[in-house]
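Scroll down for the structure; my scribbles are underneath it.
In my numbering, the protein residues as written are 6 to 166.
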């Protein structure tokens, strides 16, 4: 169960991307620290694993705490990285299985966290949530779309290659 993680960082209207390891992270704050290690005014750490979930963790110079977004809460039941991110976030919306008494206890299927995480970078919350709900949209597609709207699509694709 390998994951892909990269930080895209903007300094003076120029973006750069670097692949990072989250191996030693035990919390959303730790992931934020990994992003903080990359110089920039805006830092967005992007995570994707096995076409099952995507996550965004944002750290800006002005922010003391990392903000996060997880595309699918159910991923936290199977993927330790998703669980680590979801632990510090709140579900957005309703889980379709919430009323199902026969369903095993699990995280909500709804996204978790701050849907406005990339709004000032060109991706409104409604668009981010729509990408999570759209059939056939892979988690990596969501990350690519966020990066393209922010103006760092090419540098993100470059680090993925």
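Every residue, glycine too, gets a C-beta built ideally from N, C-alpha and C.
When rounded, the separation of the alpha-carbon atoms in residue 71 and residue 116 is 17 Å. A contact is defined here as three or more CB-CB pairs under 8 Å, and the region 145-153 fails this definition with respect to the region 36-48. Each of 38, 56, 10 was checked against the Cα of residue 140, and the nearest Cα belongs to 56. Shown here, residue 140 sits in coil according to DSSP, grouped into three states, outside any helix or strand.
For residue 73, no alpha helix (DSSP H) encloses it; the enclosing beta strand (DSSP E) starts and ends at 72-75.
The three-state reading of DSSP puts residue 60 in strand, counting E and B together. Considering only 27, 25, 78, the residue with the shortest C-alpha distance to residue 144 is 78. Checking the DSSP bridge columns, you'll see residue 50 partnered with 12, 62.
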